[in-house]
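One point on numbering: in UniProt numbering, the residue at position 136 of the sequence shown is 136, and numbering is uninterrupted. Just so you know, even glycine gets a beta-carbon here, dropped at the ideal spot from N, CA and C.
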Amino acid sequence: MRVQARIFNETPLNPRRCAQVLTKILYLLNQGEQLGTTEATEAFFAMTKLFQSKDPVLRRLVYLGIKELSTVAEDVIIVTSSLTKDMTGKEDQYRGAAIRALCKITDASMLQAIERYMKQAIVDKNHSVASAALVSSQHMMKVSHEVVKRWVNEAQEAINSDNIMVQYHALGLLYQIRKADPLAVIKLLNKYTHSSLRSPFAMGMLLLLHTYLTVDGWCRPDSKLLEFIESCLRHKSELVVYEAAHAIVNLKTTQSRELAVSVLQIFCSSPKPTLRFAAVRTLNKVAMSHPAAVTACNLDLENLITDVNRSIATLAITTLLKTGSESSVERLMKQITSFMSEISDEFKIVVVEAIRSLCQKFPGKHTVMMTFLSSMLREEGGFEYKRAIVNTIINILEDNPDSKEAGSYLFLCLICRERSKTRVCPGLAHLCEFIEDCEHVSLGVRILHLLGKEGPHASQPAKYIRFIYNRLILERAPVRAAAVSSLAKFGAQCPSLRPNITVLLQRCLLDPDDEVRDRAVYYLTLLGCGNPSSLNNYVIQSNLQLSVTALEKALHHYTLEPTPIPFDMKSMPVAAPSIAEEKKKSGTPHCFPDFASTETIPMGKPQEKILTSKQDTYIDQLAAVPALSNLPLGPLFKSSKPLELTEVETEYVVSCVKHTFSNHIVFQFDCTNTLADQVLEDVRVQMDSTEPGFDTLCTVPCPRLSYNSPGVAYTVVQLPPADPLPFVASTFNCVLKYLVKDCDPTTGEPDDDEGYQDEYVLEDLELSISDHIQRVLKTSFQAAWEELGPNNELEDTYALASTKTIQDAVSNVVQFLGLQPCERSDKVGEGRSSHTLLLAGLFRGGVEVLVRVKLAATADNSVTMNMAVRAASPAVSELLVSSIG
C-alpha cells in the first residue's frame, strides 16, 4: 500500500490511477483489514496532496478516505483548513462531503472553531449541504452535547424547508437535542403534530416517537393522539400510512385495531415487495397476542404463500398457523412443504416455532405436524435449525400424552426395518431415525436422555435398545457415555431386559474413553446388586440432584478427619432447581453430573466454573464468617431468593436471604446506606417471632455501613424441637438498629466519634413451609411413590373456595408447598375439568416427600382438592396435610 500510495506525490497527478489506488484502500478497510498507525498515517498525508486535483470523482474518494483513516492515522487535524475551505467554497458538490469529513475528525476542543460554519450550513439553501450539516450535527452530539444544543434555532429554521430530507434530518436533530428531557420531547411532538410537515419521513418519525413515549409511559394514548394517528391512515404517503397502522398496533388500543388491520390487509395486495413484507410482518406480530383480529386477513395471507419473495411467504404461513382453524392444518402443512427448501435456516426456525404453538392449540393434529417435522429433520440444515425441530418434537411428546401411543405397521417397517404391528411412540421413532445420521453431539446426547426416560415405559421397550447400542459403536465419546446412561435406565426399569443390558454394558468395559468405562462399571455394580429396585430408583432413575461442589468439599473434609460414622449422602444440599430448568431450556438433560449423568465436562475447562451455583456461593460466604462457622449448624440445606424488606427509594435499603439448616435458620440481611452524610456502625437486625419456640441464637452485626457500600448482617434463629410436629411457620418483626455518625459527604469521614443510637422499622418477614422444603425432580414419579410405600401416607380433601380455575390451584399449591412438579404435571390442558398434580421434594434433614394432588372444578366456580402425601417420616406427612387450612 505504501508503494502504491506514492503516486499521490507525482507531478502532474494522474486522477485515474489515484482513484484506483484510493478505491483499493477503501475496499480493504471495509473488508475489515487492519492498518498499522504508521502505514495509515503515511497514506493519509500522501492523500492530502490530492486536494489540488479538480477531478470530482477523486475528490469524493479523498473525503471518504479521510473519514476511514481518521480513526487510525495520527495528526489528522492538519486537513482541517482544507476541509473548511471546501465547506465554505462555491463548489456545492464538494461542500456536503467536506462537512461530513470535517465532523469526523473534529473533537470537542475544535468544535467551537467551526461552529459558525456549521450554523450557516444548517440553513444553507442547498439541500444536500443542509442535510449533510444536520446529520453531522447528530453525530457531533456524542462529542460535545452542549455546543450542538446552541444550534436549536437553526434546526427549527431548517425544519421549515421545502425539501423532505432536510425536514426529516432537522426533526431528528431536534429530537437528539431534547431526548434527555421527555417533557421537552412531548412539547416538540405536540408542536409539529398540528403543523403539516411535508416530509413523509418526518411524519413517520413523529409517529414512532409518539409510540415510544406512550409505550414507556411518558404520555397517555388520549383521543387527540389517536385522532392524529387515524388521520395519518389517510395520508397520501404509503410510508406514513404503514407507520400509523404500526403505531396503533404497538399502542395496544382496541378502538382502532380493526382499522389498522384493514389497512395492513390492503398492503398485503400491494405490488411493492417492501410494503407486503412490512404488512405481513406486523400482522404476524398482532397474531401473537390477538389472533382473532387477524383472522379476516387469512385469505390475503394465503395468496402470499406463493409469493416470489420467500421471506414474505414464510411470514404469511407462520401467521396463518397462528390464526388458522383446525381443519386447515393439513392444507397449510402441504403448502409449507413446497417452499421449505428455498428459504434460509433463520426462517425455517420461525416456521418450526409456529408449528410448536399450533400443536399446543390443536393437540389432535399432532400426527400431521410430527410427520412434517420428521421430514424436515431429514433435510439439510444447521445446528440451530435441527435443535429447534428436536425441541419441538420433545415438547409435543411431553405436552400431548396421546402422541406417545400412536403408530402404524407401515411406519414401523420404515423406521425399525421389522415386520411388527407393535405400537410405539412415533416421536421417539422419528428421533431414533435422526440420531442414526446426527452429526451434532449435544442433540444426540439429549435424544439419548429422552430415550432413557420414555423408552422403558413404551409397550415394547426392546425396540429402542438397538438404536442406543448403535451409538456405542459408531459415535464419539460424549455420545457413547450418554448411551451407557440410557441403557442403564432400561435395565433399572425393565427387569426382563436386565440380563441383556448387563451384557451390553460389559462390552463397554473395553471402551477407550475413561468416562464411558467408568459409567459402565458404575451401572453394572448397581444393576448387579441383590435387591436393586430401591437403589436404581434413587440413583439411576431419579438422579442424584446434589450440589457437586458442596459434595466435593464434604468428602474432602471427611477424608481429613477420620470418623467411624459413615458418610451420609442425605446430609448434602440439593442442587438448585433453577439449574435443571436452565439446562432443559438449553437442550442439556439435568442429571447428577458424574457417572449417572448424560452431561460431559468440556475438555480444558475447570469443573468448578461450570457447576458453581448460587447456593455454592452462599456456602462459601457463610463459611467465611467466624461467628457462624463456630456454631453447630451442619450443612446448608436451602437458600431462598432475596426478599425486599424496604422500598428502593428509602434511605436504607435492606433485603433478606433465608438460609435453612437442619435445626437453624440463618437470616442474611444485605444492607445499603443511601445517605451520603451519614455513616452507620454496628448495624444489626433485631427479630421477634410471633410464635413461641423461635429463639434468636446469635446476631452478627455489620461493623460499618458507608454511603452506597453494601454490608451484610446475620441473625441466627434456632427452630423449635420437632415434638410432636416440626413447627415451621412464623412471622418475624424486624427492626434495623445501628449507631449513626454524621460525616462529610465528600470525604466520608465522621464529624465526631460518639454518634447516637437509632433504629429503622423493616417489613415483617414470613417463614413458611416452603422454606423448609427443597425441590427435587423425579423422572419416574410412580416408581418413587411405590418405593416410599403406604406406611406414612396421609390423605385429605379440601375445598378451595377462593380459587376459580384448576390452573390457579396448581400454581398456588406449587408456590405454597415449595415442591417440584414432576412429569410436567403443572401444565393444565385447556377446558379440562380435572387434573392430577405430582410433586416431589426433600424436607430439611433429608426427609423425602411425595405429594399427589387431584383437582376437580365444581359447578360454583371453585376447585376441590384431594391431596395424598407420602414421606419418609410420619411427622412430615402430617405436617404437610395440616399446613393447608
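heavy atom of the ligand HEM below 7 Å from residue i C-beta
{"i": "LEU631", "result": "No copy of the ligand HEM appears in this structure; indeed no ligand is present at all."}
Test item: CB-CB of residue i and residue j under 8 Å
{"i": "GLN678", "j": "CYS743", "result": "yes"}
{"i": "GLU795", "j": "ALA868", "result": "yes"}
{"i": "LEU767", "j": "SER730", "result": "yes"}
{"i": "ALA170", "j": "VAL143", "result": "no"}
{"i": "ARG775", "j": "GLY818", "result": "yes"}
{"i": "ALA133", "j": "ILE99", "result": "yes"}
{"i": "VAL166", "j": "GLU115", "result": "no"}
{"i": "ILE305", "j": "VAL280", "result": "no"}
{"i": "VAL516", "j": "CYS529", "result": "no"}
{"i": "SER53", "j": "ARG59", "result": "yes"}
{"i": "LEU839", "j": "VAL853", "result": "yes"}
{"i": "TRP151", "j": "LYS119", "result": "yes"}
{"i": "TYR707", "j": "LEU675", "result": "yes"}
{"i": "TYR117", "j": "THR80", "result": "no"}
{"i": "ARG480", "j": "GLY491", "result": "no"}
Sequence-distant residues of the same chain with beta carbon closer than 7 Å to residue i, five excluded per side
{"i": "VAL352", "result": "ALA388, ILE389, THR392"}
{"i": "HIS194", "result": "none"}
{"i": "LEU213", "result": "PRO182, VAL185, ILE186, CYS219"}
{"i": "TYR385", "result": "ASP345, LYS348, ILE349"}
{"i": "THR314", "result": "ILE343, PHE347, VAL350, VAL351"}
{"i": "GLN718", "result": "ASN663, HIS664, ASP695, LEU697"}
{"i": "VAL294", "result": "VAL261, LEU283, VAL286, ALA287, THR319, THR323"}
{"i": "VAL215", "result": "ASN250"}
{"i": "ALA799", "result": "SER862, THR864"}
{"i": "PHE8", "result": "CYS18, ALA46, MET47, LYS49, LEU50"}
{"i": "ARG356", "result": "THR392, ASN395"}
Residues bridged to residue i [DSSP beta-bridge criterion]
{"i": "THR696", "result": "VAL717"}
{"i": "GLU759", "result": "LYS737"}
{"i": "ALA871", "result": "VAL849"}
{"i": "MET687", "result": "CYS734"}
{"i": "GLY841", "result": "ARG775, VAL849"}
{"i": "GLY711", "result": "CYS671"}
{"i": "GLN820", "result": "ALA840"}
{"i": "HIS835", "result": "LEU855"}
{"i": "LYS361", "result": "Looking at the DSSP assignment, LYS361 forms no beta bridge with any residue, so it has no partner."}
CB contact below 8 Å: residue i versus chain C
{"i": "LEU209", "result": "The chain inventory of the structure shown lacks chain C, comprising one protein chain alone."}
Residue range of the unbroken alpha helix (DSSP H) whose run includes residue i
{"i": "ILE7", "result": "Taken as a continuous stretch (DSSP letters only), ILE7 belongs to no alpha helix (DSSP H), as it is neither H nor E."}
{"i": "GLU651", "result": "Where GLU651 is concerned, there is no enclosing alpha helix (DSSP H), given that its DSSP letter is neither H nor E."}
{"i": "LEU505", "result": "498-507"}
{"i": "GLU157", "result": "152-158"}
{"i": "ARG471", "result": "462-474"}
{"i": "ASN303", "result": "298-303"}
{"i": "LEU50", "result": "Note, LEU50: premise wrong, no alpha helix (DSSP H); not H, not E."}
{"i": "ASP514", "result": "514-527"}
{"i": "ARG387", "result": "383-399"}
{"i": "SER262", "result": "257-267"}
Range covered by the beta strand (DSSP E) that runs through residue i
{"i": "THR193", "result": "Segment 182-193 is the alpha helix (DSSP H) holding THR193; no beta strand (DSSP E) there."}
{"i": "ASN673", "result": "664-673"}
{"i": "PRO15", "result": "Taken as a continuous stretch (DSSP letters only), PRO15 belongs to no beta strand (DSSP E), being part of the alpha helix (DSSP H) at 15-30."}
{"i": "TYR799", "result": "This sequence places Ala at residue 799; Tyr is not what is there. ALA799 -> beta strand (DSSP E) spans 794-800."}
{"i": "CYS702", "result": "702-705"}
{"i": "LEU767", "result": "765-767"}
Presumed contact (8 Å Cβ cut-off) between residue i and residue j, rounded CB distance
{"i": "ARG870", "j": "LEU850", "result": "5 Å"}
{"i": "ALA247", "j": "THR211", "result": "5 Å"}
{"i": "LYS737", "j": "PRO750", "result": "No, LYS737 and PRO750 are not in contact; Cβ-Cβ is about 18 Å, not under 8 Å."}
{"i": "ASP659", "j": "LEU636", "result": "What sits at residue 659 in the sequence shown is His, not Asp. Correct: roughly 6 Å between the Cβ atoms."}
Residues of its chain near residue i, where Cβ-Cβ distance is below 6 Å and the 5 sequence neighbours each way are ignored
{"i": "GLN20", "result": "none"}
{"i": "LYS609", "result": "Here LYS609 scores only 37 on pLDDT, less than 50, and its place in the model should not be relied on; the value that follows carries that caveat. No residues qualify anywhere along the chain."}
{"i": "PHE732", "result": "MET687, SER689, LEU765"}
{"i": "MET203", "result": "LEU197, VAL240"}
{"i": "PRO602", "result": "Bear in mind that the predicted position of PRO602 carries a pLDDT of just 34, short of 50, making it unreliable; the figure below should be weighed with that in mind. Same-chain partners within the cutoff: there are none."}
{"i": "THR672", "result": "VAL653, PRO710"}
{"i": "SER136", "result": "ILE99, ARG100, CYS103"}
8 Å CB neighbourhood of residue i in its chain, flanking five on each side removed
{"i": "VAL368", "result": "VAL329, GLU330, MET333"}
{"i": "ALA121", "result": "MET87, ARG95, ILE99, VAL129, ALA130, ALA132, ALA133"}
{"i": "LEU206", "result": "LEU171, LEU189, TYR192, THR193, LEU197"}
{"i": "VAL625", "result": "VAL700, TYR714"}
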